[in-house]
Amino acid sequence: VASLFHHDAIPFAHYDDPNFLPDFGLPPRLPDWAEHLRPEMDSVCADSVSCQYDYVITLNKDYAKVTKQHEAYALYLANEANKKYPRCPALPKPLNGRKSENRYWPGTIVRFSCDDGYRLVGNETRLCQGDGLWSWGVDPECIGDLKYTGRIAGIGVVVILPIIIVIILVIGCFVYSRRNGKEHYTGEPGIQQPFIEYSNAKKENESMPGNGGGKAIKEIETSAREAEDTIVRLSCDDGYRLVGHETRLCQGDGLWSWGVDPKCISDQDRFNSRVCQTITVDESPNIDGTHPVDRRVCLCSDTSE
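Next comes the structure, spelled out in C-alpha cells:
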C-alpha cells in the first residue's frame, strides 16, 4: 500500500530472534579482542555493574562514567526517601497575629507577633527540638490593649491584696500584744474595788464655786483607766491648794495605792480648816467564811499652816 509515511518498511519479524539468549553472566565480560581495555574499565567503573555493562557494550568510558553517576544519585535518593526525620507538629498562628515560619524541622525557631492595637500574651518564640517536640511555653494569644490593661490590673490586685492583708494583720497583732502584754490568766476570781466614788466626789466639787477641783477629779477619772505601774500626779488651778495625797500608784493587783482623796481649796479657806475623807474598809472574812458588813472610816487632815 502506497503511503506518504510508509517507505520500504521492515516488519518486526525481521528483528525477532526467537533463539536469542541474553548473557546473564556477572560481571559482564569484555570481548577477547578488547581485553586490553579492562584496566580502563576498572578505573572508571570500579564495582558498578551498570557502568561495566555500558562500557562493554559501547567501549566508551565517558558513557560508562555518566551511567555510574546516575546510579549513585539513584541510590542517594532511595536512602533519603527511607530516612525518618523528626518533625514538630504545626503551630497555629494566633488570632489577630502572625508567625515567622511554616517549617517545623528540628532547630527551627518560630516567632509570634500581633497586629497593631493588640498585645501578645504567652511565649513570643518556640524552638523545634531534636525529639520532634516544641520547647515548653504558653500558647501565644493576641488581646486588645484595653483587655490587656484589665488583665494586668487584675493580676496586680491578686498579688498586692494578700500582702496588704498580711501587713494589717501583723500590725493588729503587734498593737494587741503591746496593749495586753501584761495580762495573764491566774484562774482565781478577781476583786473589783473602786478607788473613789467619782460621781459623789464630782458632785461635791461642782457644788463648790470656783474651787478648781474639777481638774483634779478629771485627772483621777482618767488615771483610773491607766495600766499597771502608772503614777498619777494631781494638781490644782491657780489660787487653790491641794489637800490629800498628791500622787497615787496603780498596783499590780489592779488597785490604786492607799491615800486620801484630793481636794482643791482656795487660799482664803486654807487657814484652820479640816478636810475629812470617808473611805470604805473591806475587813477580812470571818472564821466561818462569811464577810462582815463594810464600815466607813473618816480620815481628817489639818490644813492650817
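Going by UniProt numbering, the sequence shown opens with residue 1, and the numbers climb by one from there.
Where a beta carbon is used, it is the ideal one built from N, C-alpha and C, also for glycine.
Just so we're clear, the structure is a prediction, and the values are computed from it rather than from any experiment.
How many angstroms separate the CA atom of V166 from the CA atom of G156? Roughly 16 Å between the two C-alpha positions.
I220 classed as buried or exposed, judged by whether at least 16 other C-beta atoms fall within 10 angstroms: With a pLDDT of only 46 at I220, under the threshold of 50, the placement of this residue in the model should not be trusted, and no figure is reported.
Once DSSP output is grouped into helix, strand and coil, what is the label at L242? strand
Measure the alpha-carbon distance for D302 versus D237 and round it to whole angstroms. Because the pLDDT at D302 is just 46, under 50, the model does not fix this residue reliably, and the point stays unresolved.
Nearest-angstrom Cα distance between E197 and I231? Because the pLDDT of E197 is 41, which lies under 50, any placement of that residue in the model is unreliable, and the question is left without a value.
Out of L146, R103, G172, which one is the CA nearest neighbour of G132? R103
Could you give the distance in angstroms between the alpha-carbon of L95 and the alpha-carbon of S113? 10 Å
Assign T67 to one of two classes, buried (16 or more other C-beta atoms within 10 Å of its C-beta) or exposed (fewer than that). buried
Alpha carbon to alpha carbon, what distance is there between G259 and R248? 7 Å
Which runs of the beta strand (DSSP E) at least 3 residues long sit entirely within the UniProt domain "Sushi" (86 to 144)? Give them in chain order. 97 to 99, 109 to 114, 118 to 121, 125 to 127, 141 to 144
Looking at C-beta atoms only, is the number of pairs between the segment 11 to 18 and the segment 33 to 53 that lie closer than 8 Å three or more? no
Let's see if you can read the secondary structure: which residues bound the alpha helix (DSSP H) around T247? It is not in any alpha helix (DSSP H) - T247 instead sits in the beta strand (DSSP E) that spans 247 to 249.
Could you tell me the distance, in whole angstroms, from the CA atom of E246 to the CA atom of L255? If you draw a straight line from the Cα of E246 to the Cα of L255, it comes to about 17 Å.
Using only alpha-carbon positions, find the residue among Y53, C173, D261, L91 that is nearest to P140. L91
Ignore the nearest five residues each way along the sequence and tell me which others in I143's own chain have a CB closer than 7 Å to its CB. Y118, R119, V121
What's the C-alpha gap between P31 and Y76? 33 Å
Report all residues from its chain with a CB closer than 8 Å to the CB of P262; omit the five preceding and five following residues, and keep chain order. A216, I220, L234, L242, V243, G244, H245, E246
In or out: V170 buried (at least 16 other Cβ within 10 Å) or exposed? exposed
Check W258 in the structure and name its three-state DSSP category. coil
Reducing DSSP to helix, strand and coil, say where N272 ends up. Because N272 carries a pLDDT of 47, less than 50, the predicted location of this residue cannot be relied on, and the following value inherits that uncertainty. The answer is coil: DSSP assigns N272 none of H, G, I, E or B.
Just to confirm, are G97 and D115 a CB contact at a threshold of 8 Å? yes
Taking its Cβ as the centre, do 16 or more other Cβ atoms sit within 10 Å of C173, making it buried, or is it exposed? So C173 ends up on the exposed side.
Just grab the DSSP bridge partners of V232 for me. For V232, the beta-bridge partners assigned by DSSP are R248.
Going by beta-carbon coordinates alone, are V49 and L26 separated by less than 8 Å? The answer is yes: Cβ separation under 8 Å.
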